[in-house]
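Heads up: the structure comes next, in structure tokens.
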Amino acid sequence: MYRELFEVRRWMYGAVWIGLIFSFAIYFPSIPLSAIYEAPKPGQSWEELLLSLASSESSSHALVYWGIVQGTSSVVLDLYIFILPLPTLSKLHLPMGKKLQLLALFGTALLGVAASVAALVFRVRLLYSEDSTWEQARLAICVVVENNVAIIVGCMPIIANFMRLHMAELSIIRSMRTKLRGSSNNHSYESSKVMPSLPNGTFGSPNMPRRPPHQYYELTDSVLMQTQITVTDEDRLRGTNKYPNQGDAGIVRTCLALSALLGERKVAVPGSSTYNLSLDSYFSAQQSAIHPACIVSPETAQDVSATVAWLTTKGNSCHFAVRSGGHTSWAGASNIAGGVVIDLRTLGTVELSADKSTVLVGAGATWDAVYAKLDPLGLSVNGGRAAGVGVGGLTLGGGISYFSPRYGWTCDVVSNFQVVLADGRIVDANATSNPDLFVALKGGNNNFGIVTRIDLATFEQGLIWAGTVYNALSSVDDIIAEFVKLNSRDAYDEYASFITTFGYSQAQGMAVISNQLEYTKEVENPPIYKGYLSQPSLRNTAQLMNMTTLAKATAALQPVNARALYRVSTLVSTAAVLKAAFNHWNASVPAITSVSNIVWALVLEPLPPAIYARSARYNALGLADRTEPLVVVLLSTTWSDARDDQHVAEAANALMDAVNQEARQLGAFDPYVYLDYAGQHQDPIASYGAESVNRLRQVRQRVDPKEVFTFQVPGGYKIPDDKYV
Numbered sequence: 020m021y022r023e024l025f026e027v028r029r030w031m032y033g034a035v036w037i038g039l040i041f042s043f044a045i046y047f048p049s050i051p052l053s054a055i056y057e058a059p060k061p062g063q064s065w066e067e068l069l070l071s072l073a074s075s076e077s078s079s080h081a082l083v084y085w086g087i088v089q090g091t092s093s094v095v096l097d098l099y100i101f102i103l104p105l106p107t108l109s110k111l112h113l114p115m116g117k118k119l120q121l122l123a124l125f126g127t128a129l130l131g132v133a134a135s136v137a138a139l140v141f142r143v144r145l146l147y148s149e150d151s152t153w154e155q156a157r158l159a160i161c162v163v164v165e166n167n168v169a170i171i172v173g174c175m176p177i178i179a180n181f182m183r184l185h186m187a188e189l190s191i192i193r194s195m196r197t198k199l200r201g202s203s204n205n206h207s208y209e210s211s212k213v214m215p216s217l218p219n220g221t222f223g224s225p226n227m228p229r230r231p232p233h234q235y236y237e238l239t240d241s242v243l244m245q246t247q248i249t250v251t252d253e254d255r256l257r258g259t260n261k262y263p264n265q266g267d268a269g270i271v272r273t274c275l276a277l278s279a280l281l282g283e284r285k286v287a288v289p290g291s292s293t294y295n296l297s298l299d300s301y302f303s304a305q306q307s308a309i310h311p312a313c314i315v316s317p318e319t320a321q322d323v324s325a326t327v328a329w330l331t332t333k334g335n336s337c338h339f340a341v342r343s344g345g346h347t348s349w350a351g352a353s354n355i356a357g358g359v360v361i362d363l364r365t366l367g368t369v370e371l372s373a374d375k376s377t378v379l380v381g382a383g384a385t386w387d388a389v390y391a392k393l394d395p396l397g398l399s400v401n402g403g404r405a406a407g408v409g410v411g412g413l414t415l416g417g418g419i420s421y422f423s424p425r426y427g428w429t430c431d432v433v434s435n436f437q438v439v440l441a442d443g444r445i446v447d448a449n450a451t452s453n454p455d456l457f458v459a460l461k462g463g464n465n466n467f468g469i470v471t472r473i474d475l476a477t478f479e480q481g482l483i484w485a486g487t488v489y490n491a492l493s494s495v496d497d498i499i500a501e502f503v504k505l506n507s508r509d510a511y512d513e514y515a516s517f518i519t520t521f522g523y524s525q526a527q528g529m530a531v532i533s534n535q536l537e538y539t540k541e542v543e544n545p546p547i548y549k550g551y552l553s554q555p556s557l558r559n560t561a562q563l564m565n566m567t568t569l570a571k572a573t574a575a576l577q578p579v580n581a582r583a584l585y586r587v588s589t590l591v592s593t594a595a596v597l598k599a600a601f602n603h604w605n606a607s608v609p610a611i612t613s614v615s616n617i618v619w620a621l622v623l624e625p626l627p628p629a630i631y632a633r634s635a636r637y638n639a640l641g642l643a644d645r646t647e648p649l650v651v652v653l654l655s656t657t658w659s660d661a662r663d664d665q666h667v668a669e670a671a672n673a674l675m676d677a678v679n680q681e682a683r684q685l686g687a688f689d690p691y692v693y694l695d696y697a698g699q700h701q702d703p704i705a706s707y708g709a710e711s712v713n714r715l716r717q718v719r720q721r722v723d724p725k726e727v728f729t730f731q732v733p734g735g736y737k738i739p740d741d742k743y744v
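Under the numbering used here, residues 20 to 744 are what the sequence shown spells out, in order.
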């Protein structure tokens with residue numbers, strides 16, 4: 020029973036086996052001794068034997084002496100069993116009701132210890148008693164009490180579940196419970212499950228309106244009985260879902276253990292409001308549709324450490340996922356069916372250093388929360404462009420910012436990562452401490468541990484001129500020419516950040532070119548954009564704004580909780596290959612016009628050497644050998660009906676395959692795959708090249724030799740095997 024309830028650390032296994040061996044050594048010798056001294060000898064009747072044993076003249080006290088040894092050992096063993104779980108129990112965060120239940124359980128066990136001590140006293144008195152029958156009777160009473168207490172204590176948990184499962188539905192029980200509880204129970208239950216406050220964001224916030232509630236799976240009654248979960252009528256967890264990785268009993272036991280370890284409010288179960296809000300706050304419908312067994316919301320790095328240490332305990336095979344903002348669109352990227360999700364959004368602190376040169380950001384914060392902290396101070400960071408995107412996920416994939424022309428990738432301005440490793444250790448990774456891990460995390464995704472805090476360099480920043488200019492498709496040649504010119508070395512302006520998109524909207528029944536133009540100085544209509552602004556436009560939204568407003572405006576360009584799919588490639592920045600990409604996109608539109616509410620967008624983002632080469636030897640992205648201006652080409656599409664999933668995926672693959680094939684023919688294809696935009700079946704880390712991949716493997720071998728974050732965390736993008744590089 021102790022192995023079932025308290026298998027928290029390896030020492031517990033050893034302690035339990037020591038107790039079992041000790042018990043065997045105490046009680047097994049009683050069998051041969053009883054056969055020798057308490058069985059009739061040849062020719063002796065049972066009556067003669069009993070008279071002999073009852074007589075004070077009996078020549079042998081061997082069994083009495085052995086009984087004293089056995090009784091003494093039994094007292095020691097009872098105390099050992101009683102004390103063994105106390106260190107574990109002392110660390111559990113239990114409500115008062117559970118504490119009283121444990122007190123009752125161990126209080127009953129103390130009666131057994133008292134009976135064991137009394138039995139030892141009577142065994143000693145047998146040596147000197149003139150009426151051994153009387154002493155043996157009292158001894159027998161103590162032994163019976165001791166055995167019955169052991170049976171009662173051992174059966175208490177399953178009896179409680181039996182009563183709850185089979186007796187709780189009796190009308191008389193339900194009536195009494197309703198009268199005793201009144202209507203306050205539902206309120207208290209929901210209150211206890213509310214997630215700690217989260218930063219306001221777009222899809223990252225639990226306060227945003229969502230689609231109609233899902234029919235989430237819930238836990239079966241058979242599982243509840245096996246795992247001793249406590250339920251009430253109001254929050255009884257029902258359903259038929261099967262867990263894929265540890266069995267029903269194993270995964271629920273894991274969630275219960277995490278709840279006891281961290282406290283109930285940090286572990287959300289199916290059916291609770293926290294659980295539902297967490298699922299609905301994912302960016303894509305595919306991610307929201309996955310149902311984990313429970314969701315852990317850590318509030319400190321120590322909470323993450325305790326969670327990882329438990330999930331990686333020997334014998335625990337539970338798969339888990341790690342979520343920052345939840346923006347990656349494909350199913351299972353940061354969610355997991357029937358496993359444990361570690362939702363880092365409760366690690367959303369944003370703290371400025373005393374000299375204001377560095378901002379310390381929890382990995383679960385969103386970029387709009389960071390900007391909201393820094394904008395009033397006239398500061399900013401080289402961070403993500405859209406509200407709701409998580410700081411952790413974007414940074415570990417590289418990260419492109421509106422400030423990247425000045426500062427490079429987002430990961431390049433990180434001064435320190437705080438990381439929880441697979442063994443639960445909390446370490447810093449920076450230029451002097453774990454420098455190999457520091458480099459590996461800059462593009463290495465989730466292969467090394469869970470990043471809980473990221474320290475970023477700040478800089479002075481005022482208002483930004485930004486907005487979107489919409490043009491007709493007939494302007495495509497002029498727009499592409501302007502894009503290539505601004506992405507060249509000659510016309511490069513480190514304050515200019517721009518994105519050109521060819522987009523079709525089924526709901527609006529039209530296709531346009533949209534140009535997101537940003538200039539990170541307080542300059543309206545900057546001359547660098549004269550070529551864009553001189554084109555006839557359908558609409559122009561450009562104005563001065565701060566980064567918080569801009570991040571929210573950027574996020575508003577994409578629908579939330581729609582079905583979503585990304586595919587990404589990298590091309591050399593030439594007019595010929597970009598016009599070819601446009602032609603393939605334009606030709607693909609008729610194939611998807613029947614898809615309900617589809618937005619079919621081919622996005623061009625400049626990637627000049629000033630961005631990728633600035634710190635290329637100090638990150639894992641593998642671009643140190645490039646010299647030409649590049650373009651990240653992203654197919655970004657959203658739609659509403661799951662029945663269109665296969666059709667959309669096939670159309671997306673066909674389009675990007677055609678773009679890549681012609682780019683190769685034109686000598687303008689680059690193998691680099693930007694991780695933050697990658698599709699589910701793309702392999703961005705392999706695109707970093709053999710040298711970078713080999714370094715990543717070496718770092719993984721040092722910090723995660725058992726490859727916990729490779730196999731026990733199936734989401735994200737993994738370091739490829741030798742045969743793939």
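From the three backbone atoms N, C-alpha and C, an ideal C-beta is built for every residue, glycine too. Because the structure is a prediction, the values reported are computed rather than measured.
Cα-Cα separation, residue i to residue j
i, j, result
"Leu393", "Val378", "9 angstroms"
"Leu569", "Lys598", "29 angstroms"
"Val650", "Ser592", "6 angstroms"
"Tyr489", "Ser556", "6 angstroms"
"Ala459", "Gly345", "22 angstroms"
"Gly409", "Ile37", "48 angstroms"
"Thr347", "Arg582", "12 angstroms"
"Lys261", "Pro311", "Because the pLDDT at Lys261 is just 33, under 50, the model does not fix this residue reliably, and the point stays unresolved."
"Ala123", "Leu296", "37 angstroms"
"Ala58", "Ser64", "9 angstroms"
"Val712", "Asn580", "34 angstroms"
"Arg633", "Val35", "58 angstroms"
"Val678", "His603", "7 angstroms"
"Ala561", "Val542", "11 angstroms"
CB contact check: residue i to chain D, cutoff 8 angstroms
i, result
"Gly403", "The chain labelled as chain D is not found in the depicted structure, where only one protein chain is given."
Among the options, the one whose alpha carbon lies nearest that of residue i
i, options, result
"Ile473", "Gly463, Thr414, Glu537, Phe101", "Thr414"
"Asp745", "Trp484, Gln554, Ala356, Gly528", "Given that the chain is displayed from residue 20 to residue 744, the structure contains no residue 745 and the question cannot be resolved."
"Asp322", "Ile445, Pro61, Ser64, Phe43", "Ile445"
"Tyr691", "Arg558, Leu590, Gln680, Asn534", "Leu590"
"Tyr656", "Ala670, Asp644, Phe41", "In the sequence as displayed, the identity of residue 656 is Thr instead of Tyr. Comparing Cα-Cα distances from Thr656 to each of Ala670, Asp644, Phe41, the minimum goes to Ala670."
"Leu654", "Val380, Val608, Ile483, Val712", "Val608"
"Val745", "Val163, Ala677, Ala276, Leu623", "Past the boundaries of the shown model lies residue 745; the chain is included only from 20 to 744, so the question cannot be answered."
"Gly708", "Gln562, Gly735, Gly462", "Gly462"
Three-state class that DSSP yields for residue i in the structure shown
i, result
"Ala583", "strand"
"Gln305", "helix"
"His346", "coil"
"Ala510", "coil"
"Thr589", "strand"
"Pro546", "helix"
"Ala312", "coil"
"Asn490", "strand"
"Asn166", "helix"
"Val516", "Sequence check: residue 516 is Ser here, not Val. Correct three-state label for Ser516: strand."
"Val378", "strand"
"Thr656", "strand"
Cβ-based burial, residue i [other Cβ within 10 Å; buried from 16]
i, result
"His700", "exposed"
"Ile102", "exposed"
"Thr646", "exposed"
"Phe47", "exposed"
"Asn453", "buried"
"Arg586", "buried"
"Val88", "exposed"
"Gly528", "exposed"
"Ala137", "buried"
"Phe343", "First, the amino acid is wrong: residue 343 is Ser here, not Phe. Classification for Ser343: buried."
Three or more C-beta pairs below 8 angstroms linking the region 499-516 and the region 572-581: no
Contact between the region 424-442 and the region 381-401 (3+ Cβ pairs under 8 angstroms): yes
Any 3 or more C-beta pairs closer than 8 angstroms across the region 432-443 and the region 465-485: yes
Meets three-Cβ-pair contact criterion under 8 angstroms: the region 351-358 and the region 303-323: Yes, since at least three Cβ pairs between the region 351-358 and the region 303-323 fall closer than 8 angstroms, the two stretches touch.
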